[in-house]
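Colleague:
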Amino acid sequence: MGVERTMEYISELLKMRRKKKKKPMQTVALRVACIDCEGCERKIKQILFGVKGVKSVVVDTKQQKVTVMGYIEPKKVLEAAKSTRKKVELWPYVPYTMVANPYISQAYDKKAPPNMVRKVLDTASVNETTIDDSYSIIFSDENPNSCSIM
Numbered sequence: 001m002g003v004e005r006t007m008e009y010i011s012e013l014l015k016m017r018r019k020k021k022k023k024p025m026q027t028v029a030l031r032v033a034c035i036d037c038e039g040c041e042r043k044i045k046q047i048l049f050g051v052k053g054v055k056s057v058v059v060d061t062k063q064q065k066v067t068v069m070g071y072i073e074p075k076k077v078l079e080a081a082k083s084t085r086k087k088v089e090l091w092p093y094v095p096y097t098m099v100a101n102p103y104i105s106q107a108y109d110k111k112a113p114p115n116m117v118r119k120v121l122d123t124a125s126v127n128e129t130t131i132d133d134s135y136s137i138i139f140s141d142e143n144p145n146s147c148s149i150m
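Counting in the UniProt record's numbering, the sequence shown tops out at residue 150, every number present.
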């Protein structure tokens, strides 16, 4: 009975062992300033391939965009890209069809690629369209203290 008990105990320990959660396959898009030459492109690729879990790195020098695919965390990729001493941020642009109001001042960006606008929160459009009620009451016929010029 001693050997059987020991085997049961060990098997239970193995079942209770924490299983590592596999990270899902993700695509991280970064905007990296000053990708002018092949040397800058190669430097960024080398550093990003050094991050554990990276499967592919695609650099678009025209849009200054770097796309990283793999089993990665965006935060780690961003930190690794910042180690190149270049200005790096997550890709701030989305297709204009994805934004509720793409023509507000915060969304429009002259540097944005074609058919893209800057990602903004929806609260900006709400703040611009609200009308203060006190100004609309000034010319109301129901208000006895309203403007009498009209």
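Where a beta carbon is used, it is the ideal one built from N, C-alpha and C, also for glycine.
1. By a C-beta neighbour count over all protein chains shown, 10 Å radius and 16 as the cutoff for buried, is Y93 buried or exposed?
2. Looking at G70 and V54, is the spacing between their C-beta atoms short of 8 Å?
3. Since I26 sits in a beta bridge, which residues does DSSP pair it with?
4. Is the beta carbon of L30 sitting closer than 8 Å to the one on L90?
5. What is the DSSP secondary structure of S83, reduced to helix, strand or coil?
6. Note down, in chain order, each residue of its chain lying with its Cβ closer than 7 Å to the Cβ of T61, except the 5 sequence neighbours on either side.
7. By Cβ distance, which residues of its chain are closer than 8 Å to M7, with the 5 residues on each side in sequence left out?
8. If we ignore side chains and look at the alpha-carbon of each, how far apart do S56 and E12 end up?
9. Under the rule that 16 or more other beta-carbon atoms within 10 Å means buried, what is I44, buried or exposed?
10. Per DSSP, L48 is paired with what?
11. Flag this pair as yes or no: are the beta carbons of T27 and T67 separated by less than 8 Å?
12. Assuming V88 contacts Q64 under a Cβ cut-off of 8 Å, what Cβ separation, rounded to an integer in Å, is found between them?
13. Identify, in the order they occur along the chain, each residue of the same chain with its Cβ nearer than 8 Å to the Cβ of K22, setting aside the five sequence neighbours on each side.
14. Does DSSP put E142 in a helix, in a strand, or in coil?
15. Please classify K55: does DSSP put it in a helix, a strand, or coil?
16. Nearest to residue 156 by alpha carbon, out of K52, K82, K86?
Modeller: Quick answer:
1. buried
2. yes
3. Note on identity: in this sequence residue 26 is Gln, with Ile being the wrong assignment. Answer by DSSP bridge pairing, in chain order: G70.
4. yes
5. coil
6. I35, E41
7. none
8. 40 Å
9. buried
10. None; L48 has no bridge partner.
11. yes
12. Between Q64 and V88 the Cβ distance is about 10 Å, and since that is not below 8 Å, they are no contact.
13. Y71
14. coil
15. strand
16. The structure shown does not extend to residue 156, since the chain is modelled only from 1 to 150, so the question has no answer here.
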